[in-house]
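Student: Every letter in the sequence shown is one number past the one before it in full-length UniProt numbering, and letter 103, counting from 1, is 103.
We treat Cβ as the ideally placed atom computed from N, Cα and C, and that holds for glycine.
Only a predicted model underlies this, so the values are computations on that prediction, with no experimental measurement involved.
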Amino acid sequence: MPLSSATGALLVPLALLPIGPPEIPAAAPDQVVDAPFDRADGIVPARAVTHAPDLVPYGAQARVTVHRAGGRTTVSVELTGAAASHEFPAHVHTGYCGTDPAASGPHYQQVAGSDAADNEVRMTLRTDPDGAGRASATVPWEFRADEAHSVVLHAGPGAGAHAAADRAACVDVDF
Numbered sequence: 001m002p003l004s005s006a007t008g009a010l011l012v013p014l015a016l017l018p019i020g021p022p023e024i025p026a027a028a029p030d031q032v033v034d035a036p037f038d039r040a041d042g043i044v045p046a047r048a049v050t051h052a053p054d055l056v057p058y059g060a061q062a063r064v065t066v067h068r069a070g071g072r073t074t075v076s077v078e079l080t081g082a083a084a085s086h087e088f089p090a091h092v093h094t095g096y097c098g099t100d101p102a103a104s105g106p107h108y109q110q111v112a113g114s115d116a117a118d119n120e121v122r123m124t125l126r127t128d129p130d131g132a133g134r135a136s137a138t139v140p141w142e143f144r145a146d147e148a149h150s151v152v153l154h155a156g157p158g159a160g161a162h163a164a165a166d167r168a169a170c171v172d173v174d175f
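1. Under DSSP, the beta strand (DSSP E) around Asp38 begins and ends at which residues?
2. Quick one: using the 10 Å Cβ neighbour count with 16 as the cut-off for buried, is Val44 buried or exposed?
3. My assumption, with CB atoms under 8 Å, is that Glu147 sits in contact with Tyr108. Please give the rounded CB distance.
4. Under a three-way DSSP split, which group does Asp41 fall into?
5. Inspect the beta-carbon positions of residue 176 and Ala84 and report whether they are closer than 7 Å.
6. Tell me which residue opens and which closes the beta strand (DSSP E) that Glu87 is part of.
7. Is Ser114 helix, strand or coil when you go by DSSP?
8. Going by other Cβ atoms of all chains shown within 10 Å of its Cβ, with 16 needed for buried, is Ala46 buried or exposed?
9. Using a threshold of 7 Å, state whether the C-beta atoms of Val75 and Ala168 are closer than that.
10. Which class does Ala137 belong to by DSSP, given the choice of helix, strand or coil?
11. How about Val92 and Val121: do their beta carbons lie closer than 7 Å?
12. Report yes if the CB atom of Asp38 is closer than 7 Å to the CB atom of Thr99, and no otherwise.
13. Can you tell which of Ala135, Gly95 and Arg144 has the C-alpha that lies nearest to the C-alpha of Asn119?
14. Using three-state DSSP, classify Ala169 as helix, strand or coil.
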């Protein structure tokens, strides 16, 4: 019960005051792309296309989130409705998605030709038995303007008729 002083003001016992620093909410993402996967050759260009509907069916959903802070970038990918219990290597690519899987270009590299582990955005997205999964990667740099345009999910191991490096799906994201 609060105590009152001679002036009638309420005094709050110190035990009720919060201890430690205040909680800081997570920073809002710089960019979020939510898109269903569709045909690459549809009448209306799709933001997310699938080149392997057996692995990423039409209507499967992607969410790509990009956070930039302090010279670092985090790219996160969430996927629902994809092949169950599958492993998709994922990378940022230089081109946009297109009817030809190769349209997305090569992997974006911060330093061209370098094999350093942090020179590219590299993730492995593993889906659960319901076909949902997520992955993220943080790199110690920010993308150069107008040089990175998509996230590509590669077919990965055990992809049946597809080679592991085949581009299974692509999401346009202007980094």
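Tutor: By the coordinates alone:
1. Bounds of the beta strand (DSSP E) holding Asp38 are Gln31 to Asp38.
2. Label assigned to Val44: exposed.
3. That belief holds up - the Cβ atoms of Glu147 and Tyr108 are roughly 7 Å apart, short of 8 Å.
4. Coil, per DSSP.
5. Given that the chain is displayed from residue 1 to residue 175, the structure contains no residue 176 and the question cannot be resolved.
6. Run containing Glu87: Glu87 to His93, per the beta strand (DSSP E) assignment.
7. Looking at Ser114 - three-state DSSP - the assignment turns out to be coil, as it is neither helix nor strand.
8. Taking all protein chains shown into account, Ala46 has 16 or more neighbouring C-beta atoms within 10 Å of its C-beta and is therefore buried.
9. With a cutoff of 7 Å on beta-carbon distance, Val75 and Ala168 are scored as not near each other.
10. DSSP places Ala137 in strand when its eight states are reduced to three.
11. Taking 7 Å as the Cβ cut-off, Val92 and Val121 qualify as a contacting pair.
12. Taking 7 Å as the Cβ cut-off, Asp38 and Thr99 do not qualify as a contacting pair.
13. Among Ala135, Gly95 and Arg144, the Cα nearest to that of Asn119 is on Arg144.
14. Collapsing the DSSP output to three states places Ala169 in a strand.
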